[in-house]
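Basically our numbering = 1-based index in the sequence shown + 1.
Glycine included, C-beta positions come from ideal geometry on N, C-alpha and C.
From a predicted model like this one, the values you see are computed outputs, not experimental measurements.
What follows is a set of notes on a single structure, which appears directly below.
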Amino acid sequence: MAKSLNRRQFLEAAAGGVALASLAASASAQTPTGAAAFNIPSLADGQRFDPSLVVDAARMLAQKPLIPLTATDLPEGYATLPFDQYSGIRMQPAAAIWAGENRGFTVEPLHRGYVFANPVSLFTVEDDMVRRVAFDRSKFDYGRVAPPPDNADLQFSGMRISAGLERPFEVASFQGATFFRALARGQNFGAMARALILRPGEQRGEEIPFFRAFWIERPNPATAALVIHGLLDSESVSGAVRMTLRPGDVTFMDVEMTLFARQALDHVGFGCATGIFLSGPQSRRTFDDIRPAIYEVSGVQMQSGSGEWIYRPLNNPANLQVSSFVDQNPKGFGLMQRERDAAAFQDDDQRFELRPSVWMEPLGDWGAGSIQLIEIPSDSEANRNIIMYWRPKQPLAAGSEVSMSYRQAWCWQPPDRPDLAVVTRMRQGKGSQGRRRRFLLEFTGGKLGDAATVAAIRAAVSTAPGSIQNIRLWPYPERKQMRVGFEVDPGNDNLCELRLVLQAGGQAVSETWLDRWTW
C-alpha cells in the first residue's frame, strides 16, 4: 500500500506546484505522459463545436484500449527543472487568451516542464467554431530557463484562469492529471479537487485519470460565467466533463460528467477534494515547528440524505485511516476550513486562515453509496494527506455509461448551512487517569443565546467501544457559545468511534459531531 500512497501524494503535490524536488526526476514514471498533438477530427481547429461531440469523443475512446503517451518532445532538461525555475516561466500578460477584450475572464496557458510533462491540448470556442491554441514560445517569459527551439510545438500542461474587469484576480487553475482548484474573492489557493478518482488507497494501486484536452467557450461579459469542456482518459475509463465557473464572494463550479467504462470498475470516486492537515489542537501529533497549527482544512461536513448535519474533524493519524459514511442521496458534503483566525496559525506566509472550504452539492439522484475519508500519515505540508469523495455502491460494468452532476462551492463557509450550533473549536489531551482521553468542544450558534433553550440543553455523548465519563457543560449565552467537556475511557480497546449532539426537549440544537480516536 505504501507505494500507491506515495504515488498519490506525489501527484497531488505536483498538481499544487509544491512537489518535493527529489520527486521531480521520477515524474515521467509516475504520471501518464505524451507528446503527440491531440487529434479528433470533429473537434479540431476550424470545426463547428457542439458539446455532444466531446461526449461522442469519450465514447469513441472507450471502445479502444488506452493509447499510451510518451513525453519525448520536451527540450533537454525541462522534465527535471527545479520548481523555482519552472515557476519562473510565465506567459506575458498581454498574450493571455482574451486579454484586453473586457470579457470578464482571461486564460493563461501553462508551460510544460518540471513534473508537468503531460501535453494538454487547448482549444477555444468562438462563434461556435473550434480554434486551436497554438504554442508560441515568443509569448512566454522564460526567466532563467533556456527557451525551446523556435519550431517547437509543445502544447501546454494546463491553464490558469483570472476573472474580473476592474480588479481581476486569479480564480482557478487546471494542471496535472485531473486536478483543479478555485477560490473565492479574497482567498488564497488551498484545497484542490479532482474530476475523477479511481481506487485510492488500495493494495492493487491507484489508477490516475488525466485530461487530454480542453475546449473553452469565449465568455459573454453579461453572464459572468466561463464554460470549460474537458476530455479525460484512463486505462479503465474515458469521460467528458463540462464545467461552468462563476466567480465571486462564493465561487461556484457546476460539474457535469459522463463516463464510459472500458473495464469493470468497483471503486470510483466523484466530487473528490484533497487538502492538508498536519497538526492542530484536535490532533495528538505535534511537530517541532514555530507555528501552533498547520492545516488548510479542519474537517469534513456532511448533510445526509435524511437531512442530518454532521461534522467530522480531521486528524493526522499514526497509521492510514479510511472512514466510510454510508448514505442514500446525500444533500451535500465537503472539506471545511473553519478556523479563520490568523492567530491560530501564526503563519504570515501560508495564511491557512484564508484558504477555501470546498462544498459539493449533488444534483439529481446519486443513489446509495458512501462518503469516503482517507487520512494519510504525513510529516510534510507538501503532501495533501486528506482525501474525500463520494463512492457509489453500484460498480461500473465494462462497457457501461454513467452520468453525474454536482455543484461545487469554493467558499468561506457553505452556502447551505444548518440552523444549528456548529463546532468551532476542539481540543483534546490526557484524561484524569489511566488511558482516558479528555475532549473539549466549543459550539457556536444563535440558539445558544436563548436562555430557555440553554437551560434545557443536554449533551448526548456516546462511544463504541468504551465509555464516556465526566460530561460537563459551560454555557456562554452572551457569546452564543457552549463548551462541552467529557472523557473517553477506551478500556482495553485501541479505537473508539465518538458521537456528540446537543439536544433540548428531545430535538437537536447542534450538528452531530463525530470522531474516530485511536490509542
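Alpha-carbon spacing of residue i relative to residue j, whole angstroms
{"i": "residue 130", "j": "residue 276", "result": "38 Å"}
{"i": "residue 410", "j": "residue 168", "result": "21 Å"}
{"i": "residue 81", "j": "residue 87", "result": "9 Å"}
{"i": "residue 347", "j": "residue 354", "result": "10 Å"}
{"i": "residue 142", "j": "residue 92", "result": "6 Å"}
{"i": "residue 439", "j": "residue 166", "result": "52 Å"}
{"i": "residue 83", "j": "residue 115", "result": "7 Å"}
{"i": "residue 412", "j": "residue 320", "result": "31 Å"}
{"i": "residue 430", "j": "residue 378", "result": "20 Å"}
{"i": "residue 107", "j": "residue 506", "result": "55 Å"}
{"i": "residue 184", "j": "residue 315", "result": "21 Å"}
{"i": "residue 125", "j": "residue 395", "result": "36 Å"}
{"i": "residue 452", "j": "residue 417", "result": "26 Å"}
{"i": "residue 36", "j": "residue 301", "result": "For residue 36, the pLDDT reaches just 36, beneath the cut-off of 50, and the residue's location in the model is therefore unreliable, although a value from the coordinates is still provided. Rounded to the nearest angstrom, the two C-alpha atoms are 39 Å apart."}
{"i": "residue 462", "j": "residue 514", "result": "9 Å"}
{"i": "residue 98", "j": "residue 109", "result": "6 Å"}
{"i": "residue 474", "j": "residue 443", "result": "10 Å"}
{"i": "residue 269", "j": "residue 159", "result": "24 Å"}
{"i": "residue 202", "j": "residue 373", "result": "11 Å"}
{"i": "residue 58", "j": "residue 454", "result": "59 Å"}
{"i": "residue 500", "j": "residue 237", "result": "39 Å"}
{"i": "residue 1", "j": "residue 434", "result": "Since the first residue of the chain shown is 2 and the last is 520, residue 1 is not available in this structure."}
Three-state secondary structure (DSSP) of residue i
{"i": "residue 480", "result": "helix"}
{"i": "residue 431", "result": "strand"}
{"i": "residue 55", "result": "helix"}
{"i": "residue 211", "result": "strand"}
{"i": "residue 50", "result": "coil"}
{"i": "residue 139", "result": "helix"}
{"i": "residue 315", "result": "coil"}
{"i": "residue 43", "result": "helix"}
{"i": "residue 407", "result": "strand"}
{"i": "residue 423", "result": "strand"}
{"i": "residue 62", "result": "helix"}
{"i": "residue 102", "result": "coil"}
{"i": "residue 470", "result": "strand"}
{"i": "residue 94", "result": "helix"}
{"i": "residue 452", "result": "helix"}
Close Cβ partners of residue i (< 8 Å) along its chain, the five nearest in sequence each way excluded
{"i": "residue 280", "result": "286, 287, 288, 290, 294, 295, 296, 317"}
{"i": "residue 42", "result": "48"}
{"i": "residue 292", "result": "346, 347, 348"}
{"i": "residue 101", "result": "95"}
Same chain only: Cβ atoms within 7 Å of residue i, ignoring 5 sequence neighbours per side
{"i": "residue 445", "result": "422, 423, 425, 481, 482"}
{"i": "residue 132", "result": "46, 124, 125"}
{"i": "residue 52", "result": "230, 243"}
{"i": "residue 164", "result": "105, 106, 170, 172, 248"}
{"i": "residue 149", "result": "76, 138, 155"}
{"i": "residue 359", "result": "192, 194, 274, 335, 336, 409, 411"}
{"i": "residue 140", "result": "92, 93, 96"}
Cβ-based neighbour list, residue i, same chain, cut-off 6 Å, excluding 5 preceding and 5 following
{"i": "residue 306", "result": "328, 329, 330, 331"}
{"i": "residue 63", "result": "239, 261, 263"}
{"i": "residue 194", "result": "181, 274"}
{"i": "residue 322", "result": "376"}
{"i": "residue 509", "result": "502"}
Residue i beta carbon near the ligand MG (any heavy atom closer than 6 Å)
{"i": "residue 512", "result": "Although the ligand MG was asked about, the structure shown includes no ligands whatsoever."}
Supposed close pair residue i, residue j - CB separation, criterion 8 Å
{"i": "residue 390", "j": "residue 512", "result": "Actually they do not touch by this definition, with Cβ atoms about 21 Å apart."}
{"i": "residue 191", "j": "residue 338", "result": "7 Å"}
{"i": "residue 298", "j": "residue 278", "result": "6 Å"}
{"i": "residue 428", "j": "residue 282", "result": "5 Å"}
Neighbour flag for residue i against chain B, beta carbons, 7 Å
{"i": "residue 517", "result": "Considering every chain present, this structure includes no chain B. It has just one protein chain."}
Tell me whether the stretch 258–268 and the stretch 391–410 touch, counting them as touching only if at least three CB pairs, one residue from each stretch, are closer than 8 Å.
Flag = yes, the stretch 258–268 and the stretch 391–410 touch.
So does the stretch 61–76 actually touch the stretch 112–126, counting three or more Cβ pairs closer than 8 Å?
Verdict: yes, contact present.
Three or more C-beta pairs below 8 Å linking the stretch 169–181 and the stretch 335–346
no
When you compare the stretch 360–379 with the stretch 213–226, are there three or more beta-carbon pairs, one atom per stretch, that lie closer than 8 Å?
no
Mind the definition here: the stretch 489–500 touches the stretch 468–476 only if three or more C-beta pairs lie below 8 Å; say whether that holds.
yes
If we count Cβ pairs, one from each stretch, closer than 8 Å, do we get three or more for the stretch 193–213 versus the stretch 232–248?
yes
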